[in-house]
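Q: For the record, the sequence lines run as chains G and D. The first sequence: position 191 = 234 (the numbering used here), numbered continuously. The second sequence: position 253 = 296 (the numbering used here), numbered continuously. Here it is, the structure, as C-alpha cells.
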Amino acid sequence: MIAFLTRNVGAGLSARLKTLTLIGLLPLAGCSMEPIYKTTGVVMSGYSWTEATPYVMQMSDPTMACALGEGVDPLLYSFSEVVDAPDDSGSLLMALAANCVEYRAWEAELDYLRADYAGDVVAAKNAREMAKRLNAESAVRRHRSFERAMAAYDFDPAAEPLVCPDFDDEQDELTFLLGLLNGMQAIVNDSNSGARAGIPRNIAPQAERAATCVNNDKWAGLPSAVRALVWLLLPDTQPDSATDPWKVLDKSSDMSIRAGMRASMAIEVVAAETFGRPDILEQTIAEFASADGRMKVWEDYRLVDVVAGTIVQFASDKHWAANYGHRTPQGAFGKLSPENPMSDMETMDLDGLL
Amino acid sequence: MIRKSLSALILAAMAPLASAQSVSMCVFDVIGANGDLYNMIKDYALEMKAHGVDLQLKPYTDEGVAIGDFNAGQCDAVAATDIRVRPYNQFTGSIGAVGALPTYDDLKTLLATLAQPKAAPLMKANGYEVLGILPVGAGYLFVNDRSIDTAGELAGKRIATLDYQEDAIHMVNFVKATVVPSDITNFAGKFNNGSVDTAYAPAFAYEALELYKGIGESGGIVDYPLAQVTVQMVARDDVLADEKAQKAREVAWGMFPQAMKLVAGQEAAIPDQKWVRIPAKDVEGYQEMFRQNRLEMRDGLNGAPSVYHPKMLGLLSKIRCASNPSASECTAANRE
Numbered sequence: 044m045i046a047f048l049t050r051n052v053g054a055g056l057s058a059r060l061k062t063l064t065l066i067g068l069l070p071l072a073g074c075s076m077e078p079i080y081k082t083t084g085v086v087m088s089g090y091s092w093t094e095a096t097p098y099v100m101q102m103s104d105p106t107m108a109c110a111l112g113e114g115v116d117p118l119l120y121s122f123s124e125v126v127d128a129p130d131d132s133g134s135l136l137m138a139l140a141a142n143c144v145e146y147r148a149w150e151a152e153l154d155y156l157r158a159d160y161a162g163d164v165v166a167a168k169n170a171r172e173m174a175k176r177l178n179a180e181s182a183v184r185r186h187r188s189f190e191r192a193m194a195a196y197d198f199d200p201a202a203e204p205l206v207c208p209d210f211d212d213e214q215d216e217l218t219f220l221l222g223l224l225n226g227m228q229a230i231v232n233d234s235n236s237g238a239r240a241g242i243p244r245n246i247a248p249q250a251e252r253a254a255t256c257v258n259n260d261k262w263a264g265l266p267s268a269v270r271a272l273v274w275l276l277l278p279d280t281q282p283d284s285a286t287d288p289w290k291v292l293d294k295s296s297d298m299s300i301r302a303g304m305r306a307s308m309a310i311e312v313v314a315a316e317t318f319g320r321p322d323i324l325e326q327t328i329a330e331f332a333s334a335d336g337r338m339k340v341w342e343d344y345r346l347v348d349v350v351a352g353t354i355v356q357f358a359s360d361k362h363w364a365a366n367y368g369h370r371t372p373q374g375a376f377g378k379l380s381p382e383n384p385m386s387d388m389e390t391m392d393l394d395g396l397l
Numbered sequence: 044m045i046r047k048s049l050s051a052l053i054l055a056a057m058a059p060l061a062s063a064q065s066v067s068m069c070v071f072d073v074i075g076a077n078g079d080l081y082n083m084i085k086d087y088a089l090e091m092k093a094h095g096v097d098l099q100l101k102p103y104t105d106e107g108v109a110i111g112d113f114n115a116g117q118c119d120a121v122a123a124t125d126i127r128v129r130p131y132n133q134f135t136g137s138i139g140a141v142g143a144l145p146t147y148d149d150l151k152t153l154l155a156t157l158a159q160p161k162a163a164p165l166m167k168a169n170g171y172e173v174l175g176i177l178p179v180g181a182g183y184l185f186v187n188d189r190s191i192d193t194a195g196e197l198a199g200k201r202i203a204t205l206d207y208q209e210d211a212i213h214m215v216n217f218v219k220a221t222v223v224p225s226d227i228t229n230f231a232g233k234f235n236n237g238s239v240d241t242a243y244a245p246a247f248a249y250e251a252l253e254l255y256k257g258i259g260e261s262g263g264i265v266d267y268p269l270a271q272v273t274v275q276m277v278a279r280d281d282v283l284a285d286e287k288a289q290k291a292r293e294v295a296w297g298m299f300p301q302a303m304k305l306v307a308g309q310e311a312a313i314p315d316q317k318w319v320r321i322p323a324k325d326v327e328g329y330q331e332m333f334r335q336n337r338l339e340m341r342d343g344l345n346g347a348p349s350v351y352h353p354k355m356l357g358l359l360s361k362i363r364c365a366s367n368p369s370a371s372e373c374t375a376a377n378r379e
C-alpha cells in the first residue's frame with residue numbers, strides 16, 4: 044500500500060515538474076512558434092472558406108450546424124491574433140452560433156406561452172425572463188455576425204453615397220446578404236430581450252440600402268424581402284416608387300420556392316407576426332408547408348432553406364402554444380387551428396342501415 | 044375545524060383522480076411499443092385524456108395473444124386488425140372486404156360516415172363497442188415473379204395466407220392457388236425464404252418485414268388494393284358511456300390525416316420499378332370477380348364462409364358508386 048502511494052505521488056510530482064518546465068519555456072517558444080501559427084492561421088482561414096463553408100452550406104442538420112458555429116468560431120477567430128481576421132467565415136460561424144442560442148430562446152418562449160395558456164403565472168414569468176436573456180445573447184451574436192460581414196467586404200453601411208463591395212464569387216454575395224439579415228435579426232432579438240443588448244437600430248436602414256448591392260433575381264428575392272421588412276419597420280425608408288411591402292414579400296416568397304431556398308418566406312412570416320397580420324401568417328405557413336416535398340431544394344444552400352424552415356416552424360409552434368397550449372401537432376404544420384374533420388367531409392346517408 | 048380542512052384537502056387531492064376514468068387497452072403492433080401503430084395509439088390515448096379517459100396501453104407483438112388477453116378480461120379494450128375484430132362487430136369487421144374499397148378517397152368517406160354520431164348504433168354489437176378505426180394502408184399482393192400479374196397466373200402458386208382469415212382463404216382457393224397457413228409473425232419469413240410464391244400485406248411490410256428480400260430481382264408488388272386494412276379499437280360495451288365512446292370515435296377519425304401520412308410514406312418508400320401496374324381493362328374484371336366473391340361471402344354461397352355483413356357491403360357499394368357512378372355494378376341487379 045505504501046509502495047503504491049509512493050509510486051503515484053512520485054509520478055504526480057514528476058508530471059507537475061514537466062508542466063512547470065513547459066510553462067517556463069513557453070515565452071521563449073512564443074517567438075519561434077509565431078510563423079507556424081501564422082501559417083496555420085492562413086491555412087485554417089483558407090480551408091474554412093474554400094472547403095468547410097460550402098460543405099456546411101449543404102448540410103441539412105441545423106442543430107449540428109449551430110453546434111459547429113459555437114464550437115469552431117472561437118478556435119478559428121483566435122487566429123485573428125496572428126493573421127487577418129477571417130471575417131467572411133467568421134460571419135457565417137457567428138450566425139450559426141446565434142442560431143444555437145436562439146433555439147434555446149425559442150424553447151423558453153414556448154415554455155412561457157404554454158405556462159401562460161395553463162394559467163401558471165410564476166412559470167410563465169420565469170420562462171419569459173429566460174427567453175429575454177437568451178434573446179439578448181442571440182442579439183449580440185447576430186450583431187457580431189453583421190459587423191464581420193461588413194468588415195469582410197470593407198463595406199461601410201453608413202457611407203454616403205453607397206459604395207457597393209466587389210464580390211469574387213457567389214459565396215461572397217450570400218455571406219454579405221446573410222450578414223445583412225443577421226443585422227435585422229439582431230434588432231428583432233434585441234427587442235425581444237427588452238432592449239438589453241443595446242443593438243444600434245440604424246442597422247435597419249443601413250441593411251435596406253446595402254441589400255441593393257446584391258442581385259434580387261439571383262438570390263431568390265431575399266434582398267427585396269430584407270428591404271420590404273425595413274420599409275414596414277421604417278416607412279420613411281421606402282422609396283416613392285416602391286411597391287407595397289406586403290406585395291414585395293409575397294413575390295419574394297414565390298421566388299424563394301422556385302429557387303428552392305425559402306429564406307424570404309421566413310422573413311414574410313416574421314413580418315406577419317411583427318405587424319399583426321394573421322391572414323398573411325397563416326397563408327405563408329401554409330405555402331411553406333405545402334412546398335415541402337414538391338419543391339426542389341437549392342442543394343448548394345440547403346442549410347439556408349432548412350434554417351428558414353425552423354423559423355417558420357417556430358412561428359407555427361408559437362401560435363399553437365398560445366392558442367391551444369401545445370406546439371404544432373404532427374401533420375398539422377401548415378394549419379393554425381385543429382382541423383374539424385367532420386365539418387367539410389362528404390358522408391353517406393345511413394338511414395337505410397339503421 | 045382541522046378535521047374539516049383535512050377532509051377538504053383529501054377531497055381536493057382526489058378530484059383529478061376521480062375525474063379521469065382509467066381504461067386498460069391491449070394494443071397489437073408487429074414491433075410492439077416502438078411501432079408506428081403503437082405510437083399512433085399513444086396519441087389517441089393522449090387526446091382521450093383530454094376527454095376524461097385515461098387509457099393504459101399495453102403492447103403486444105402477437106395479435107392472437109392480445110385478443111386472448113382481451114377475451115380473458117385482462118384488458119378493458121383491444122386495438123387489433125379488422126380481421127381479428129370481426130367477431131366483436133361483423134359490420135366494422137367487414138371494412139376489409141376483398142376489393143371493396145379501391146381508393147383511399149373512398150376509405151376516407153367511409154370512415155367519416157362511421158364517425159358520425161348517427162352511426163353510433165352500428166358500432167355496438169354482441170356486448171362490444173367499437174371506439175375508433177385507424178387505417179393501416181391497403182393490402183397488396185407481393186410476388187416473387189412479376190409475371191404473376193393476373194388472377195389466372197395465381198393458379199397453382201403458394202400463397203402465405205393468414206389461417207384465421209376465412210375470406211382470404213376462400214379467395215386463394217377461388218383463384219386455384221394453394222393456401223399456405225401462416226400468421227402475421229411468420230408470413231414474411233415464408234415469402235423471403237421462398238417457401239411461398241406470394242404474400243399479401245400493407246406497404247409497411249416492404250421495409251419493416253424486409254419483403255424486398257422475397258421480391259428479389261424478379262418480383263414486385265401488384266398495384267391493386269386487395270383490401271383496406273384497418274386497426275380498430277374495441278371495448279366491452281359497459282366500459283365507456285355512450286357520449287365518451289362517440290368522442291373516442293371522433294378522436295380516432297381526427298387522426299385519419301396522420302395515419303394516411305404514415306401510409307403514404309410507407310408506399311412512397313417502395314421504389315417505383317417494384318410496383319407491377321395492372322392494365323385498366325384488367326382492373327374492371329378483377330373488380331367484378333371480387334364483387335361476386337363478396338356476394339358469396341355475404342350469403343355463404345358455393346361453400347364460401349358467411350363472413351361479410353350485408354349492411355357494410357351495401358354502404359361500401361354506395362360509396363364506390365358515389366365516386367364512380369358509371370361503374371357497371373351500380374346498375375347491376377344483384378347490387379350489394
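Note that beta-carbon positions come from the ideal geometry of N, C-alpha and C, so glycine has one too. In this text the structure is predicted, and so the values were computed from the model without any measurement.
Is DSSP giving Tyr243/D helix, strand or coil here?
A: In the structure shown, Tyr243/D sits in a strand (DSSP, three-state: E or B).
Q: Per DSSP, what kind of secondary structure is Cys373/D in: helix, strand or coil?
A: Residue state, collapsed to three classes: helix.
Q: With H, G and I counted as helix, E and B as strand and the rest as coil, what does DSSP make of Leu68/G?
A: Since pLDDT at Leu68/G reaches only 46, below the 50 mark, its modelled position is unreliable, and no value is offered.
Q: Under the rule that 16 or more other beta-carbon atoms within 10 Å means buried, what is Ile246/G, buried or exposed?
A: By the neighbour-count rule (16 or more Cβ atoms within 10 Å), Ile246/G is buried.
Q: Closer than 8 Å, CB to CB, is Pro300/D near chain A or not?
A: Protein chains G and D are contained in the structure displayed, whereas chain A is not.
Q: Counting only runs that start and end within the stretch 303-368 of chain D, where is the alpha helix (DSSP H) found for 4 or more residues in a row?
A: Fully enclosed alpha helix (DSSP H) runs of 4 or longer: 323-342 and 353-366.
Q: Whose C-beta lies closer than 8 Å to the C-beta of Pro268/D among residues of the same chain, with five residues either side of it excluded?
A: These residues qualify, in order along the chain: Gly142, Leu144, Pro145, Thr146, Ala181, Gly182 and Tyr183.
Q: Can you confirm whether the stretch 110-120 of chain D touches the stretch 307-323 of chain D when touching is taken to mean that 3 or more C-beta pairs between the two stretches lie within less than 8 Å?
A: No: fewer than three Cβ pairs fall under 8 Å.
Q: Going by C-alpha to C-alpha distance, which of Val165/G, Gly319/G, Leu153/G and Ala254/G sits closest to Met193/G?
A: Nearest of Val165/G, Gly319/G, Leu153/G and Ala254/G to Met193/G, Cα basis: Ala254/G.
Q: Is Phe210/G helix, strand or coil by DSSP?
A: Coil, per DSSP.
Q: Under 8 Å, Cβ to Cβ, is there at least one residue of chain G near Gly357/D?
A: Closer than 8 Å: yes.
Q: Counting only C-beta atoms, is Ala9/D closer than 8 Å to chain G at any point?
A: Nothing about residue 9/D can be reported from this structure: the residues present for chain D run from 44 to 379 only.
Q: Using a beta-carbon distance below 8 Å, is Pro164/D in contact with chain G?
A: Cβ-Cβ to chain G under 8 Å: yes for Pro164/D.
Q: Let me confirm a value: Tyr87/D is counted as buried when at least 16 other C-beta atoms fall within 10 Å, else exposed. Which label applies?
A: Per the 10 Å Cβ criterion, buried.
Q: Distance, Cα to Cα, Ala140/G vs Tyr146/G?
A: Going from the Cα of Ala140/G to the Cα of Tyr146/G covers about 10 Å.
Q: How would you label Asp211/G, buried or exposed, when you count the other beta carbons within 10 angstroms and need 16 or more for buried?
A: The residue in question, Asp211/G, is exposed, as its Cβ has fewer than 16 Cβ neighbours within 10 Å.
Q: Counting C-beta neighbours from all protein chains within 10 Å, is the total for Gly319/G 16 or more, i.e. buried, or is it exposed?
A: Exposed.
Q: Using DSSP's beta-bridge definition, name the partner residues of Gly180/D.
A: Beta-bridge pairing links Gly180/D to Val272/D.
Q: I'd like to check one pair, Leu305/D with Asp79/D: are the Cβ atoms closer than 8 Å?
A: Contact flag set, yes.
Q: Using only the alpha-carbon positions, how far apart do Ile27/G and Asp199/G sit?
A: In the structure as shown, chain G begins at 44 and stops at 397. Residue 27/G is therefore absent and cannot be evaluated.
Q: Assuming contact is defined by CB atoms lying nearer than 8 Å, are Thr104/D and Asp72/D in contact in what I supplied?
A: It is a contact, given that the beta carbons lie within the stated cut-off.
Q: For the stretch 319-345 of chain D, list every residue whose C-beta sits within 8 Å of some C-beta in chain G, in sequence order.
A: From the stretch 319-345 of chain D, no residue has a Cβ closer than 8 Å to chain G.
Q: Give me the Cβ distance between Ser391/G and Thr273/D, rounded to the nearest whole Å; I'm assuming they're in contact under 8 Å.
A: Looking at the sequence itself, residue 391/G is Met, so the reference to Ser does not match. The pair is not a contact, with the Cβ atoms about 17 Å apart (cut-off 8 Å).
Q: Note down, in chain order, each residue of its chain lying with its Cβ closer than 8 Å to the Cβ of Ser261/D, except the 5 sequence neighbours on either side.
A: Excluding sequence neighbours, Ser261/D sits near Asn187, Asp188 and Arg189.
Q: Going by beta-carbon coordinates alone, are Val144/G and Arg184/G separated by less than 8 Å?
A: In this structure, Arg184/G lies closer than 8 Å to Val144/G by Cβ.
Q: Under a Cβ-count criterion, where at least 16 other Cβ atoms within 10 Å of its own Cβ denotes burial, should Ala72/G be classed as buried or exposed?
A: Low confidence applies here, because Ala72/G scores a pLDDT of 48, under 50, leaving its location unreliable; read the following figure in that light. With fewer than 16 Cβ atoms within 10 Å of its Cβ, Ala72/G is classed as exposed.
Q: Do Glu339/D and Ser360/D come within 8 Å of each other at the CB atom, strictly closer than that value?
A: No, they are not a contact pair.
Q: Using a Cβ-Cβ cut-off of 8 Å (strictly less than) and excluding sequence neighbours within five positions of Thr221/D, which residues of its own chain qualify?
A: Same-chain partners within the cutoff: Gly199, Lys200, Arg201, Ile202 and Val215.
Q: Using a cut-off of 8 Å between C-beta atoms, extract the partners of Leu396/G located in chain D.
A: By Cβ distance, chain D contributes Leu165, Lys354, Gly357 and Leu358.
Q: Examine chain D for any beta-carbon lying closer than 8 Å to the beta-carbon of Gln373/G, and answer yes or no.
A: Yes - at least one Cβ of chain D is within 8 Å of the one on Gln373/G.
Q: When the Cα atoms are used, what is the spatial distance from Gln301/D to Leu118/G?
A: Cα to Cα, Gln301/D sits roughly 45 Å from Leu118/G.
Q: Counting only beta-carbon atoms, is Lys304/D nearer than 8 Å to chain G?
A: Closer than 8 Å to some Cβ of chain G, the Cβ of Lys304/D qualifies, so yes.
Q: Smallest Cα separation from Gly297/D: which of Asp119/D, Asn82/D and Glu90/D?
A: Per the Cα distances, Glu90/D.
Q: I need the straight-line Cα distance from Leu277/G to Ala314/G, nearest angstrom please.
A: Whole-angstrom Cα-Cα distance: 13 Å.
Q: Between the C-alpha atoms of Asp323/G and Trp274/G, what's the straight-line distance to the nearest angstrom?
A: Note that residue 323/G is Ile in the sequence shown here, rather than Asp. If you take the alpha carbons of Ile323/G and Trp274/G, they lie about 17 Å apart.
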